[in-house]
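The sequence shown begins at 3 in our numbering and counts up by one.
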Amino acid sequence: MSKVNCWELMNCGRESNGRNVGKLGVCPAALTNEYDGIHEGKAGGRFCWTISGTLCHGKPSGAFAYKLLGCLDCKFLKFVQEEEGRFFFLTPNKARETKI
3 MSKVNCWELM NCGRESNGRN VGKLGVCPAA LTNEYDGIHE GKAGGRFCWT
53 ISGTLCHGKP SGAFAYKLLG CLDCKFLKFV QEEEGRFFFL TPNKARETKI
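Printed below as a string of C-alpha cells:
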C-alpha cells in the first residue's frame with residue numbers, strides 16, 4: 003500500500019494533471035525533487051513543509067524558515083508525523099543525512 007501524499011489528503015488539485023493546475027500551476031512538492039522518497043512519498047509529497055511555493059491556507063508559501071511555524075499546525079504534517087513515528091523528519095538536513 004502506498005503512502006498518502008499531501009495533494010491527496012489536502013485535495014488542493016495542484017498535482018500533475020490536477021484540477022487547479024491551470025489556475026495555480028503544479029505544486030513544487032509534486033514535481034520531481036531531491037526529497038523524492040522521503041517518508042515514502044512521491045516527489046516531495048510527504049515532505050511539503052520544507053518546499054517553497056506549496057499552498058498553506060490557500061496561499062503560496064515562502065521559504066522553509068518562514069513557513070515552518072504555520073506548518074507545525076498543519077493537519078498533513080501531523081498526519082505524516084503520526085504515521086512515521088520515530089522515523090519522522092522535520093528538517094531537510096536530517097532527511098538528507100539519512101537518505102540512501
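Positions of the beta carbon are idealized from the N, C-alpha and C atoms, including for glycine.
Evaluate residue 13 with the Cβ neighbour count: other Cβ atoms within 10 Å of its Cβ, from every protein chain shown; 16 or more gives buried, anything less gives exposed.
Taking the sequence shown and counting its residues from 1, one reaches residue 13 at position 11. When all chains shown are included, residue 13 counts as exposed.
Decide if residue 102 is buried, meaning its Cβ has at least 16 other Cβ atoms within 10 Å, or exposed.
By 1-based counting over the sequence shown, the position of residue 102 is 100. Residue placement at residue 102 cannot be trusted, given a pLDDT of 48 that sits under 50; what the coordinates show is reported in the next sentence. Burial is judged here by how many other beta carbons sit within 10 angstroms of a residue's own beta carbon; residue 102 has fewer than 16 and is exposed.
Segment limits, alpha helix (DSSP H) that includes residue 94:
Here residue 94 refers to the residue found at position 92 when the sequence shown is read from its first residue. Run containing residue 94: 94–100, per the alpha helix (DSSP H) assignment.
By the 10 Å Cβ neighbour count, where 16 or more other Cβ atoms means buried, how is residue 41 classified, buried or exposed?
Locating residue 41 in the sequence shown gives position 39, where the first residue counts as 1. It counts as buried.
Compute the Euclidean distance between the alpha carbons of residue 72 and residue 92, then round it to the nearest angstrom.
In the sequence shown, residue 72 corresponds to position 70, counting from 1. In the sequence shown, residue 92 corresponds to position 90, counting from 1. If you draw a straight line from the Cα of residue 72 to the Cα of residue 92, it comes to about 13 Å.
Count the other C-beta atoms from every protein chain shown that fall within 10 angstroms of the C-beta of residue 79, then say buried if there are 16 or more, exposed otherwise.
As a first step, residue 79 is located in the sequence shown; it is residue number 77 there, counting from the start. Residue environment: residue 79 is assigned as buried (16 or more neighbouring CB atoms within 10 Å of its CB, all protein chains considered).
So, for residue 52: in the same chain, excluding its five sequence neighbours on each side, which residues have a beta-carbon less than 6 Å away from its beta-carbon?
Your numbering for residue 52 matches position 50 in the sequence shown. Cβ neighbours of residue 52 beyond the five flanking positions: 66, 94.
What runs of the alpha helix (DSSP H), each 4 residues or longer, lie entirely inside the segment 18–89?
Within the segment 18–89, complete alpha helix (DSSP H) segments of at least 4 residues are found at 23–26, 66–73, 77–86, given in chain order.
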